[in-house]
Each structure stands twice: as structure tokens, then as C-alpha cells.
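Read the structure below first, then the notes.
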Amino acid sequence: MDKGYYVIIESSEIFTSGIIEIVKSGLSQKSNFFSIHYRKDLNMPHPIECIIVGNGLGVEMSLLDLLVYIKSLKLAIPVICIPEMITSKMAKQLFTEKLLDGILHRDCTRDELIEGIAAVRNGKVHIGRQINLHQTDEQSVKANKKNDPFYLIQTLTHQERQIMEYVIEGKSSNDISQILFRSIHTIKTHRRNLLNKLGVTNTIELITYLDSIEFGKN
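FYI, the numbering for the sequence shown is 0 to 217, going by numbering that gives the first Met the number 0.
Right, dumping it as C-alpha cells:
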């Protein structure tokens, strides 16, 4: 039986539940878990076996900020990251700055997840099979899996795609909020999510990316 906690930090409760079930079935039924979904709850239990980070804490805390925060705690605990989207450049930066011990692609298998967690717990650095730290371009790992340049667009929800189209028309979050009858907070959350999925950080990069795949020109 593991003596410490597996701490899972991720805004999505569905992701957290999935990780818990896999760890229980693959490592130990009697494992202890501690889930953190909001920034206000960032209080670590003791002792800790491993910290598992997903995409971060949504609009409250980005993945990079979260990993920097964890490092500042000086816990000497293995950290493994399972982001939905990450560029090769970003992945390499995280290792260079010693912000994590392992990284897995969100599409990893159950066995790959168990293997990765076991590896970092044993003091090893683990890089998932679908993670490439040596690509020369800025395409995301997920995009490189597919030949279809529109693949990333297809990962957007209907609401995210709708908001994206309003954004490239030059509409502000306030404008979109009034058009879709949604709160500004909700619109900003969707905007951040769609940027993350497309591997861009701002509206200019979004428009540049869409131009590069000739989105809307067919």
C-alpha cells in the first residue's frame, strides 16, 4: 500500500476521476488520492507519492504557472504532466527548467499512464511515446499526429468554434457575450480553451494559424 497521496491537479473532474480509476486498477487499490480543481484549494497534503498535473486550473492558473508554483514549494516530489495540448518547444522548456519529471500525451494508453507514473516515482525521467522534444517547428504534438490540417479545428466544441468565428471578425468578449447571451466569464473561458486547443496564445497567433490552413477560404 502506498503511504502517501497521489495529488491530481486539474480543473476537469472527469479527467481526475479517470486518473483515479486507472491508478487504482494498475498500481494499488488502496492508493490515497487528493484532488485539486481550484486555485483556492492549492494546499498540499502530506506525505505525497506523486503529483499528477493535467492542463492546469483553467482560467485561474495556466499549466506553466502551476508547475512554477509547485517547484517553488520545494517538495522533492515527482511531478508528471498530462496536458491536452503542448508544443515541442513548451515541453522542452518544462524539462529544461526542471518543472516536471515526466510528461505524457493526453491520448496515452492506460498502460502508458501506469508506466509513466511508476517511472517518475522510481526517480526516472519519463517522456511519453507521442511527445517529441526535438521538432523544429511550432506545430503541436497533437497536430503532427494527423495529416488533416483541420484536425485541430475539429477538436473544438460547437460553442468554441462559434466564439472563434466571432473573434476573427474582430468582436470583443463583451460583444460575443451579448450575442450568445452568455456571461463574459464564460466567453473568456471558452476563448482560452480554444486557444489552448489550437496551440496558440493570442488572437494574432490564432488568425495567423487560421490563415496558414486557409480556414474559411474554401
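Note that the Cβ used here is the ideal one computed from N, Cα and C, for glycine as well.
Let's see if you can read the secondary structure: which residues bound the alpha helix (DSSP H) around residue i?
i: Glu20; result: 12-25
i: Ile247; result: Missing from the structure shown is residue 247; the chain here goes from 0 to 217 and no further.
At what residues does the beta strand (DSSP E) containing residue i begin and finish?
i: Ser34; result: 31-35
i: Ile7; result: 4-8
Does DSSP put residue i in a helix, in a strand, or in coil?
i: Glu111; result: helix
i: Ile178; result: helix
i: Val199; result: coil
i: Ser206; result: The residue you asked about is not Ser; residue 206 is Ile in the sequence shown. Residue state, collapsed to three classes: helix.
Counting only the same chain and skipping the five closest in sequence on each side, list residues whose C-beta sits under 7 Å from that of residue i.
i: Ile203; result: none
i: Phe32; result: Tyr4, Tyr5, Ile7, Ile19
i: Lys187; result: Val58, Ser172
i: Arg120; result: Glu48, Cys49, Pro77
Do residue j and residue i come within 8 Å of each other at the CB atom, strictly closer than that value?
i: Ile162; j: Gly127; result: no
i: Leu194; j: Thr200; result: yes
i: Leu41; j: Gly55; result: no
i: Pro46; j: Lys2; result: yes
i: Ile81; j: Leu99; result: no
i: Ser30; j: Lys23; result: yes
Between which residues of its own chain and residue i is the CB-CB distance below 6 Å, once the five residues before and five after are set aside?
i: Ile21; result: Arg109, Leu112
i: Cys107; result: Gly127
i: Ser176; result: Ile183, Ile186
i: Leu205; result: Val199
Skipping 5 residues on each side, what residues in its chain have a beta carbon closer than 8 Å to that of residue i?
i: Ser61; result: Gly55
**Study point:** Sequence ranges, beta strand (DSSP E) only - wholly within the region 44-129, length at least 3
**Key:** 47-52, 78-80
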